[in-house]
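The next block holds one structure in the form of structure tokens; read it before the comments.
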Amino acid sequence: MTTLLSIDGVTKRFGRVTAVDRLSLDIRENEFFALLGASGSGKTTLLRMLAGFETPEEGAICLDGADIAHVPPNRRPVNLMFQSYALFPHMTVEGNIAYGLEMERLPRAEIATRVGEIMEITELSQMARRKPDQLSGGQRQRVALARALVKRPRLLLLDEPLGALDKKLRAAMQLELKRLQDEVGITFIVVTHDQEEALVMADRIAILKDGRLLQVGTPHEVYEAPASRYAADFIGVMNFINSAGRTIAIRPERIRLFPDTADRTVEGRVTARAYHGLDLMLHVATGLSPTPLVVRLTAEAADRRPVAQGDTVTLGWNDADTRTFTD
Amino acid sequence: MAERPLATRRSLAALLAAVFAFLYIPIGVLVALSFNEGGLPTAWTGFSVKWYGALLSNGDILSAAGNTLIVGAVSTLIATVLGTLLALGIETRRRKGRALEALVFAPMIIPDIVLAIALLSFFSLLKLPMGLHTIIVSHVVFNLAFVSAVVRARLKTFDWSVAEASLDLGASAFTTFRRVTLPLILPAVVAGALLAFTLSIDEFIIAFFTAGAGRSSVTLPMQIFAMIRFGVTPEINALATLVMIVSVTALTLSQRLNKGVIAP
Amino acid sequence: MNASNARSTALMAPALAWLTALMVIPCGLILALGFFRRGIYGGIEYSFTLENFALLLDPLYAGIFLTSARIAGTATLIAVVIGYAAAYAIAAAPRHRQPLLLFLAVLPFWSNYLIRTYAWIVLLNREGLITQFLRMMGYEGEPPSLLYTEGAVIVGLVYNYLPFVILACYAPLSRLNPELAEASRDLGASAFTTFRRVILPMTLHGIAAGAVFVFVLSIGNFITPALLGGGRFQMIGNLIYAQFLTANDWPFGAALSMALIAIMLGLLTLQAMAAEKGAGERREVLDG
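From first to last, the protein sequence lines stand for chains A, B and C. Mapping of the first sequence onto the numbering used here: residues 1131 to 1457, in sequence order. Mapping of the second sequence onto the numbering used here: residues 1181 to 1444, in sequence order. Mapping of the third sequence onto the numbering used here: residues 94 to 381, in sequence order.
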């Protein structure tokens, strides 16, 4: 796969705060890429530099081989879907979507065709004449997306695209975004603080902390082989066990209850159990860590061997399922 | 927000500086001249407060100032009570009527010359002798509108559940108002009153038309108007400075008490 | 619910009674007065006539209306341009400094109107500060006639009402989500296009509110033309004043007031309609 965007040693400071610190990253053509980090990690600043609303103090941002770091936002083949959506309240859905094409001074007929097409794809055709304040949250999100997509940018940036939606809609839209990206064949970079969202949607994930890149990899890689304790903690649920100056990390689903064979076993008392439908979460107090270990059982496994709060249980796991950190 | 280019920021700052110069230089010149020994704008002859002293020995100005304070204080008092009750009434009503909104808004936008001649015609038709009392009742008209506007703005963000909590805890409606609602909206009420007071002591046209003929009901703005027609004098400069100090103090206090009275 | 509405009504009653007695009835009276005849020795003769309103169309008085409208219109235009620019600059300043800047911009508005007008007499009169300044710069001719000109009246009106325009324009400018301008830039618009197609349409109602206010207060103004125009530039406000206090023709004065109120209501209605239309729809290019 060819590299579309190459971020090379980019630094951005606000006064004494370094928001992005000598960050380098390559993004490939047609990729669905997620920038994952807590607030203050620099992910939004990085996104705004890609869109052209901030200029890096150092480093280069190359799109298709050309440095665009100092190109103003209206001259970049890059579009941003704003977190607040930033729909123009005084224009209709159609007007909002057409705006960017009007800026390209395209013939009216072509604008109408392309707006029609994108409204078809995003299922907005019925809403064409409505104003943003007459739309639901999910519809607004689709207008914002359509408005950016219709320009056929080389790169589409999405700032917390699903943040404003409720949980159920969010799950549906995660898959929807992925389908759309597939259909239009445009490279997406999504900024999110929601690790689950990143795991579900992205082809690759970059984890940012304090303006630096901690790890880049596929969802499987960052989940199964986190490069640092921070990354391990940030993505998914992780148990940490301190042992001789090192930290052993193990995922809840890798711990087994009353195992027949295991590299390590420990006894503990069940302090809480929470039923989640498909699985059961147990909190088990052991001597290994100050907080109880979290154990995730499938509904099937839980049925086979019912446990109640207060029961004493034996837990076991294999060394191959753990990660060891020295930091 | 993205940083604006330095050039843009500089030109915006320069523009703002020019506008502020336009707004403040005329007033500033007035204040400076009031301290000019010679009293004339032609030359600075030294710092002096003698023109302020001259004011104190001018009986007409002193009696006008006294009248203005009476008008301001009494009309503010009446307007504060009526305006606050009005605000509470409107904001606790379930349905808002357009006619009501227009009626309450009207005193703030009606050209003062129209209200002034309307009141003059009204009082003369009733054959009511005119004097300070007619100025006072006339000033209450626009003062109560301003007080209610300020108090309503506060009530819009008022959490009525605290009043409900008071009722729930056994307080009567009156006790709830006295112990809970009023203390919470008091800053806005006082801010509204200060605003009304400022408007009243500065008001000229309505006072001019409803004062009647006698010298005994001349207010300070009326006195200033008469003096200005006569020409530029150092005494007016001193008087103007004092009047502005009173207004600006009252309004700064009002703004402190209730952010958003003058400017949000 | 009824109990609560009854209490609300009771709370409003004293203020509404006051407004009715001292605003609604007097204004109604003025309206009625406009339809009566002027008595031979001043005073009012109670017989119905439309003469007073017909007199408004007399070239002399229509001319005063036009002069007033021209002066008020010019003052409004200048105040709106300067005021909008100043409001834009305040809204662009750092957030924490905006309240102070706005307070400073609006403060003069609340000081005495007479004094603010008088300040311009000090600056503009023949031996005033501007003349002094010119002399200092080496000017030796006759002092320029600045006071008692139409220009002086316009400057006075702009000076007095500029703070209000700043306030009216600042409100929508400060509420504008900065991301909207960014979105416009992101979609390929230049800074100017962004202003014309996004910022301006979204803040137009503030401009309209400020403009209507300045125009209405200017056209009915009495103090500024009296003091800075020196009576040479009669505007509607001075005309009304004269009918009541010197010409003693109250019915005609009442008719003039009604005309003023009609202009004001007309403009306010237009502004409200424009605001509603702006909120309701904006034809887009797609419609052809």
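From the three backbone atoms N, C-alpha and C, an ideal C-beta is built for every residue, glycine too.
Check, Outcome
"Which runs of the alpha helix (DSSP H), 4 residues or longer, sit entirely within the segment 1322–1373 of chain B?", "1340–1348, 1353–1356"
"Excluding the 5 residues flanking residue 242 of chain C on each side, which residues of the same chain have their C-beta closer than 7 Å to its C-beta?", "none"
"Could you give the residue range of the beta strand (DSSP E) that holds residue 1425 of chain B?", "Premise fails: residue 1425 of chain B lies in the alpha helix (DSSP H), 1414–1437, not in any beta strand (DSSP E)."
"Any beta carbon of chain C sitting closer than 8 Å to that of residue 1410 of chain B?", "no"
"What is the DSSP secondary structure of residue 1318 of chain A, reduced to helix, strand or coil?", "strand"
"Using a Cβ cut-off of 8 Å, pull out every chain C residue sitting near residue 1206 of chain B, in sequence order please.", "209, 212, 213, 215, 216, 252"
"Just to make sure I have the definition right: I need the residues of chain C whose C-beta is within less than 7 Å of the C-beta of residue 1225 of chain B. Which are they?", "The contacting residues do not exist; residue 1225 of chain B stays about 14 Å from chain C at best."
"My understanding is that residue 1402 of chain B touches residue 1418 of chain B, with C-beta atoms under 8 Å, so please give their C-beta distance in whole angstroms.", "Going by Cβ atoms, the distance from residue 1402 of chain B to residue 1418 of chain B rounds to 18 Å, so no, they are not a contact pair."
"Establish whether the CB of residue 160 of chain C and some CB of chain B are separated by less than 8 Å.", "no"
"How long is the line joining the alpha carbons of residue 1171 of chain A and residue 285 of chain C, rounded to whole angstroms?", "34 Å"
"Opposite residue 1167 of chain A in the DSSP bridges: which residues?", "A/1338"
"Report yes or no: do three or more beta-carbon pairs, one from the segment 200–214 of chain C and one from the segment 336–349 of chain C, lie closer than 8 Å?", "no"
"Three-state secondary structure (DSSP) at residue 1209 of chain A?", "strand"
"Going by other Cβ atoms of all chains shown within 10 Å of its Cβ, with 16 needed for buried, is residue 1256 of chain A buried or exposed?", "exposed"
"So which residues on chain C does residue 1382 of chain B lean against when the C-beta distance must stay under 9 Å?", "203, 204, 205, 206, 207, 208"
"When the Cα of residue 281 of chain C is compared with those of A/1318, A/1207, A/1445, which residue comes out closest?", "A/1207"
"So is residue 1186 of chain B buried or exposed if we call it buried at 16+ other beta carbons inside 10 Å?", "exposed"
"Looking at the unbroken beta strand (DSSP E) that takes in residue 181 of chain C, where does it start and where does it end?", "No beta strand (DSSP E) contains residue 181 of chain C, which is instead part of the alpha helix (DSSP H) from 152–185."
"On the three-pair Cβ rule with 8 Å, is the segment 1179–1199 of chain A touching the segment 1356–1370 of chain A?", "no"
"Strictly below 7 Å CB to CB, what residues from chain C border residue 1210 of chain A?", "279"
"In this structure, does DSSP put residue 1447 of chain A in helix, strand or coil?", "strand"
"Since residue 1278 of chain A and residue 1209 of chain A should fall inside the 8 Å C-beta cutoff, what is the C-beta to C-beta distance between them, to a whole number of angstroms?", "4 Å"
"Using a Cβ-Cβ cutoff of less than 8 Å, which residues in the same chain neighbour residue 1397 of chain A once the five nearest sequence positions on both sides are dropped?", "1416, 1442, 1443, 1444, 1445"
"Leaving out the 5 sequence neighbours to the left and right, which residues in its chain are closer than 6 Å to residue 1283 of chain A when beta-carbon positions are compared?", "1207, 1208, 1209"
"Taking a cut of 9 Å between CB atoms, which residues from the segment 260–272 of chain C lie near chain B?", "260, 263, 264, 267, 271, 272"
"Applying a beta-carbon distance threshold of less than 7 Å, which residues of chain B neighbour residue 107 of chain C?", "1262, 1265"
"So with CB distances below 7 Å, who are the chain B contacts of residue 337 of chain C?", "1297, 1300"
"Which runs of the alpha helix (DSSP H) spanning at least 4 residues fall entirely within the segment 214–272 of chain C, listed in chain order?", "222–229, 243–268"
"Return the bridge partner residues of residue 1192 of chain A from the DSSP annotation.", "A/1136, A/1197"
"Using three-state DSSP, classify residue 1301 of chain B as helix, strand or coil.", "helix"
"Taking the CB atoms as reference points, tell me whether residue 1420 of chain B and residue 1320 of chain B lie closer together than 8 Å.", "no"
"Using a Cβ-Cβ distance cut-off of 8 Å, determine whether residue 119 of chain C contacts chain B.", "yes"
"If you reduce the DSSP assignment to three classes, tell me which class residue 1411 of chain A lands in.", "strand"
"Taking 8 Å as the threshold (C-beta atoms), are residue 1244 of chain B and residue 1385 of chain B in contact?", "no"
"Taking C-beta pairs closer than 9 Å, name the residues in chain B that residue 102 of chain C reaches, listed in chain order.", "1269, 1273"
"Considering only C-alpha positions, which residue in the set A/1271, A/1316, A/1318 is nearest to residue 1295 of chain A?", "A/1271"
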